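Protein chains: 2
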Amino acid sequence: MFSGAQISLYPMTDDFVGVILGALGALDPYRDRLRVETDDISTLLVGTPDIVFAAMRDLFVAAAASGKHCVLHATISRGCPGEPDDPICQVPELSGPIAPLAERKRQAMTAVSNAPSSGQPVAAQFSLYTLGIDQHMDEIYGCIDFLKSSGVFDRSKNFCTKLSGDAGSVFATVCEALTRFGPPAGHVTIDLTVSANSPTSL
Amino acid sequence: MFSGAQISLYPMTDDFVGVILGALGALDPYRDRLRVETDDISTLLVGTPDIVFAAMRDLFVAAAASGKHCVLHATISRGCPGEPDDPICQVPELSGPIAPLAERKRQAMTAVSNAPSSGQPVAAQFSLYTLGIDQHMDEIYGCIDFLKSSGVFDRSKNFCTKLSGDAGSVFATVCEALTRFGPPAGHVTIDLTVSANSPTSL
């Protein structure tokens, strides 16, 4: 298994470099469990989904604390058959047979209800893609069922689902979507956008 | 067929609202062939892929002309089985049987070589997902072959491919990736990020 994300942070301010540099310390508690590589477009985080999501959440909450309108985008993947297995990505949950959809929805709900609160309200939208399988929409619709009862569901949009709520719950919900839907060893990806302090938030 | 994109424009400046409003006029020539809906996270463009990509390109080039560091993100989709057919999205190319991969690569190359130049250099990265089919990596690898000879290939990254060059060629290349790879009536999506005027561009 290989899992991780390409993430980018967009602070809408003249001092965007300062906001980004000021937030990077939030990654420090996770650096021993992540591989991190940066270029001019994004930063690669390689690690288990729980660590990758916790790192993204803390980075985004630290940037949003600037009070500036900030957006984080992440291209998240697990199980891509074009990527090598990596020991830093091993988790027992992502092996073995696939559990019934109803059971996975319950597990996801439990995980979200146990997520710590961050105190930072966010809006988010994401698309879940389960690849290399027929009937991929069954897993998508199963995931949407879970989202509707997650407590952070906002609405369905064309091509994606919109969430809103505390950053802790929102990032936990998207992490559950990645890990509980699609086959355990399958190729699943997410296109995620998270926004805070927008002047046009509804 | 239903096709379109959820797009977001991120100008990294205190005057991000002014840069966005100043660029919106670039959409005017396409508005009669697009359905446009905006909320606090993104703007939905529904239309044929050629019109959606031309509109994204012109919007981004107009924003980048501000000289500010600007990023556009788009979640692009065609053929999602959960979306209704829409007459505004009909194109003859996306029906009928799938042509051999080599022929599609040639068609994509021709289209990119005919793309108009914009005068705006950009860096971009994107991920292509062909859904609901087995052997989806065959189409992905076929697309990567095309990208390597597109003239704007920069490098392969984990989870995505990086491009750089004139905005005209880069947007045309990503449009060809969406329309030529995966079955004509299949569900294909792209997670696209385009950047200009980055202080850290390499």
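From first to last, the protein sequence lines are chains V and G. As numbered in the numbering used here, the first sequence has no gaps in its residue numbers, which increase by one up to the final residue, 222. As numbered in the numbering used here, the second sequence has no gaps in its residue numbers, which increase by one up to the final residue, 222. Don't be surprised by glycine CBs; every beta carbon is placed ideally from N, CA and C. Note that the coordinates shown come from a computational prediction; the quantities given were computed from them, not determined experimentally.
Handout entry: Through-space distance from histidine 207 of chain G to isoleucine 160 of chain V, alpha-carbon basis
Key = Within the first sequence, numbered from 1, the residue matching residue 160 of chain V stands at position 140. Within the second sequence, numbered from 1, the residue matching residue 207 of chain G stands at position 187. Answer to the nearest angstrom: the Cα atoms are 13 Å apart.
Handout entry: Pairwise C-alpha distance: cysteine 180 of chain V and isoleucine 164 of chain V
Key = Numbered from its first residue, the first sequence carries residue 164 of chain V at position 144. Numbered from its first residue, the first sequence carries residue 180 of chain V at position 160. Rounded to whole angstroms, isoleucine 164 of chain V to cysteine 180 of chain V spans 10 Å at the Cα level.
Problem - Distance CB(leucine 92 of chain V)-CB(leucine 47 of chain V) smaller than 9 Å - result: Counting from one through the first sequence, the residue named residue 92 of chain V turns up at place 72. Counting from one through the first sequence, the residue named residue 47 of chain V turns up at place 27. Contact: no.
Practice task
Given a cut-off of 9 Å, decide if serine 215 of chain G and alanine 144 of chain G are closer than it, judged by their beta-carbon atoms.
Solution key: Locating residue 144 of chain G in the second sequence gives position 124, counting from the first residue. Locating residue 215 of chain G in the second sequence gives position 195, counting from the first residue. Yes. Within cutoff.
Practice task
Run down chain G in chain order and give the residues with a C-beta less than 7 Å from the C-beta of serine 97 of chain V.
Solution key: Counting from one through the first sequence, the residue named residue 97 of chain V turns up at place 77. Near serine 97 of chain V (Cβ distances below 7 Å), the residues of chain G are Phe179.
Exercise for the section: Answer yes if the segment 180-197 of chain V comes into contact with the segment 140-154 of chain V, meaning at least three C-beta pairs across the two stretches below 8 Å, and no otherwise. Expected result: yes
Practice task
With DSSP as the reference, label aspartate 69 of chain V as helix, strand or coil.
Solution key: Here residue 69 of chain V refers to the residue found at position 49 when the first sequence is read from its first residue. As written in the sequence, residue 69 of chain V is proline, which differs from the aspartate given in the question. Three-state DSSP puts proline 69 of chain V in a helix.
Exercise for the section: From the DSSP output, read off the bridge partner residues of lysine 168 of chain V. Expected result: What you label residue 168 of chain V is simply residue 148 of the first sequence in a count that begins at 1. Partner(s): none; lysine 168 of chain V has no beta bridge.
Handout entry: Reduced DSSP category for serine 138 of chain G - H, G, I as helix; E, B as strand; rest coil
Key = Residue numbering aside, residue 138 of chain G sits at position 118 when the second sequence is read from its first letter. In the structure shown, serine 138 of chain G sits in coil (DSSP, three-state: anything other than H, G, I, E or B).
Problem - From G/Val72, G/Ala205, G/Cys195 and G/Ala131, residue whose alpha carbon lies closest to that of glycine 152 of chain G - result: Within the second sequence, residue 152 of chain G is the residue found at index 132, counting from 1. If we check each option's Cα against that of glycine 152 of chain G, G/Ala205 comes out closest.
Problem - Within-9 Å CB hit, alanine 205 of chain V to chain G - result: Position 185 of the first sequence holds residue 205 of chain V. No, its Cβ sits nowhere closer than 9 Å to a Cβ of chain G.
Exercise for the section: Can you grab the Cα-Cα spacing for the pair proline 117 of chain V / proline 203 of chain V, in whole Å? Expected result: Here residue 117 of chain V is taken as the residue at index 97 of the first sequence, counted from 1. Here residue 203 of chain V is taken as the residue at index 183 of the first sequence, counted from 1. About 8 Å.
Handout entry: Nearest residue (CA-CA) to glycine 102 of chain V, options G/Asn178, G/Asp105 and G/Glu196
Key = If you number the first sequence from 1, residue 102 of chain V lands on position 82. That would be G/Asn178, whose Cα lies nearest to the Cα of glycine 102 of chain V.
Handout entry: Paired residues, beta bridge with histidine 207 of chain G - DSSP
Key = Numbered from its first residue, the second sequence carries residue 207 of chain G at position 187. The partner list for histidine 207 of chain G (beta bridge, DSSP) reads G/Leu151.
Problem - Delimiting residues of the alpha helix (DSSP H) encompassing leucine 198 of chain V - result: Taking the first sequence and counting its residues from 1, the one referred to as residue 198 of chain V is at position 178. It spans 187-200 - the alpha helix (DSSP H) in which leucine 198 of chain V sits, taken as one unbroken run.
Exercise for the section: Answer yes if the segment 56-66 of chain G comes into contact with the segment 118-132 of chain G, meaning at least three C-beta pairs across the two stretches below 8 Å, and no otherwise. Expected result: no
Handout entry: Reduced DSSP category for glutamine 26 of chain V - H, G, I as helix; E, B as strand; rest coil
Key = Numbered from its first residue, the first sequence carries residue 26 of chain V at position 6. The answer is strand: DSSP assigns glutamine 26 of chain V an E or B state.
Handout entry: Per-residue burial, lysine 168 of chain V [other beta carbons within 10 Å of its own, 16 or more giving buried]
Key = Within the first sequence, residue 168 of chain V is the residue found at index 148, counting from 1. Lysine 168 of chain V should be labelled exposed.
Exercise for the section: Would you decide whether proline 69 of chain V is buried or exposed? Buried here means 16 or more other CB atoms lie within 10 Å of its CB. Expected result: Residue 69 of chain V sits at position 49 when you count from the first residue of the first sequence. Under this definition proline 69 of chain V is a buried residue.
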